[in-house]
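A short write-up of the structure that comes next.
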Amino acid sequence: MAEVKSETAQLLYDLMLRTTPKKVANAALGAIDGVQANRVEEQLLGLAAVLICMLHHYNLSHIDVLGIADNMVYSGDNNNMKPEFKVITKYMKDEWRF
């Protein structure tokens, strides 16, 4: 049986499908800037906790959201990372210390 989405969840799902990788990458960059000073384990769990809280708040499925995000980050062509997200991974590699 298919899960019934609330009107808000459906609206947000539709909006997620219409946004651009560039806008998503800008939001992601802001998020990683916000956690950069934390230890790696706190960065990972902190970002995951925010995602869980947002999913719960908007009654969204992690499968739907992560699926859309994965499609934003990786193109269909040989599953290569899109340039907007390569910039983020380069920033993390160059600026973050583990």
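Numbering-wise, numbering that gives the first Met the number 0 puts 62 at position 63 of the sequence shown, and it's gapless, one number per residue.
For each residue, glycine too, the CB sits at the ideal point set by N, CA and C.
Note down the Cα distance separating residue i from residue j, rounded to an integer number of angstroms.
i: residue 86; j: residue 7; result: 32 Å
i: residue 36; j: residue 16; result: 32 Å
i: residue 0; j: residue 60; result: Note that residue 0 scores a pLDDT of 42, beneath 50, so its modelled location is shaky; the value from the coordinates is reported in the next line. Computed Cα separation, rounded: 15 Å.
i: residue 62; j: residue 22; result: 21 Å
Looking at residue j and residue i, is the spacing between their C-beta atoms short of 7 Å?
i: residue 24; j: residue 83; result: yes
i: residue 81; j: residue 20; result: yes
i: residue 159; j: residue 49; result: What the structure shows of the chain is the stretch from 0 to 97, and residue 159 is not part of that stretch, so it cannot be assessed.
i: residue 11; j: residue 57; result: yes
If you follow the alpha helix (DSSP H) that residue i is in, where does it begin and where does it stop?
i: residue 79; result: Segment: none, residue 79 is in no alpha helix (DSSP H) and carries neither H nor E.
i: residue 25; result: 20-34
Just to confirm my understanding: we take residue i, look at its own chain, exclude 5 residues before and 5 after, and list those with CB closer than 7 Å. What are they?
i: residue 95; result: 35
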